[in-house]
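**Student:**
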Amino acid sequence: VRDDIVAAAIEGRTQRLLGELRSMAQVDYESLPPLIERRASETGLDAAVPAAAAEAAPATE
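So in our numbering, spot 40 of the sequence shown is number 139, and the numbers just go up one at a time.
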(Lines of atoms letter the chains of each structure in order from A and count residues from 1; the text may use other names and numbers.)
(Lines give C-alpha, C1' and ligand atoms only; values in the text may rest on other atoms or scores of the structure.)
Protein backbone atom coordinates (compact mmCIF):
# COMPACT_ATOMS: atom_id res chain seq x y z
CA VAL A 1 0.00 0.00 0.00
CA ARG A 2 2.81 2.39 0.88
CA ASP A 3 4.46 1.75 -2.50
CA ASP A 4 1.19 2.63 -4.24
CA ILE A 5 1.00 5.95 -2.38
CA VAL A 6 4.59 6.81 -3.29
CA ALA A 7 4.08 5.79 -6.92
CA ALA A 8 0.92 7.88 -7.16
CA ALA A 9 2.67 10.99 -5.79
CA ILE A 10 5.97 10.66 -7.63
CA GLU A 11 4.91 12.36 -10.88
CA GLY A 12 3.61 15.48 -9.14
CA ARG A 13 6.64 15.67 -6.89
CA THR A 14 8.97 15.21 -9.86
CA GLN A 15 7.23 17.94 -11.85
CA ARG A 16 7.39 20.29 -8.87
CA LEU A 17 11.10 19.56 -8.36
CA LEU A 18 11.88 20.11 -12.05
CA GLY A 19 9.95 23.38 -11.99
CA GLU A 20 11.93 24.56 -8.96
CA LEU A 21 15.21 23.62 -10.64
CA ARG A 22 14.25 25.52 -13.80
CA SER A 23 13.36 28.63 -11.84
CA MET A 24 16.65 28.51 -9.92
CA ALA A 25 18.66 27.97 -13.12
CA GLN A 26 17.89 31.34 -14.69
CA VAL A 27 21.10 32.67 -16.18
CA ASP A 28 21.73 36.30 -17.03
CA TYR A 29 23.81 35.69 -20.15
CA GLU A 30 24.73 39.36 -20.46
CA SER A 31 26.71 39.04 -17.23
CA LEU A 32 28.76 36.07 -18.44
CA PRO A 33 31.52 37.88 -20.43
CA PRO A 34 32.61 40.04 -17.47
CA LEU A 35 32.43 37.00 -15.18
CA ILE A 36 34.53 34.92 -17.57
CA GLU A 37 37.11 37.69 -17.91
CA ARG A 38 37.30 38.18 -14.14
CA ARG A 39 37.72 34.45 -13.47
CA ALA A 40 40.32 34.14 -16.22
CA SER A 41 42.36 37.03 -14.85
CA GLU A 42 42.14 35.60 -11.32
CA THR A 43 43.55 32.28 -12.53
CA GLY A 44 46.12 33.75 -14.91
CA LEU A 45 44.38 32.40 -18.00
CA ASP A 46 43.82 35.76 -19.67
CA ALA A 47 44.91 34.36 -23.04
CA ALA A 48 41.93 31.98 -22.97
CA VAL A 49 39.50 34.89 -22.97
CA PRO A 50 38.65 36.09 -26.49
CA ALA A 51 38.66 39.80 -25.56
CA ALA A 52 42.05 39.55 -23.88
CA ALA A 53 43.43 37.43 -26.70
CA ALA A 54 42.25 39.94 -29.31
CA GLU A 55 43.86 42.82 -27.43
CA ALA A 56 47.14 40.93 -27.01
CA ALA A 57 47.29 39.68 -30.61
CA PRO A 58 49.70 41.43 -32.95
CA ALA A 59 48.08 43.62 -35.58
CA THR A 60 47.72 42.00 -38.98
CA GLU A 61 47.55 43.81 -42.28
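We put the beta carbon where it would ideally sit given N, CA and C, even for glycine.
What's the C-alpha gap between L144 and R137?
**Tutor:** Spanning the alpha carbons of L144 and R137 requires a straight line of approximately 10 Å.
**Student:** With G118 as the anchor, note down where its alpha helix (DSSP H) starts and where it stops.
**Tutor:** Residues R101 to M123.
**Student:** Measure the C-alpha to C-alpha separation of G118 and I104 and round it to an integer number of angstroms.
**Tutor:** 22 Å
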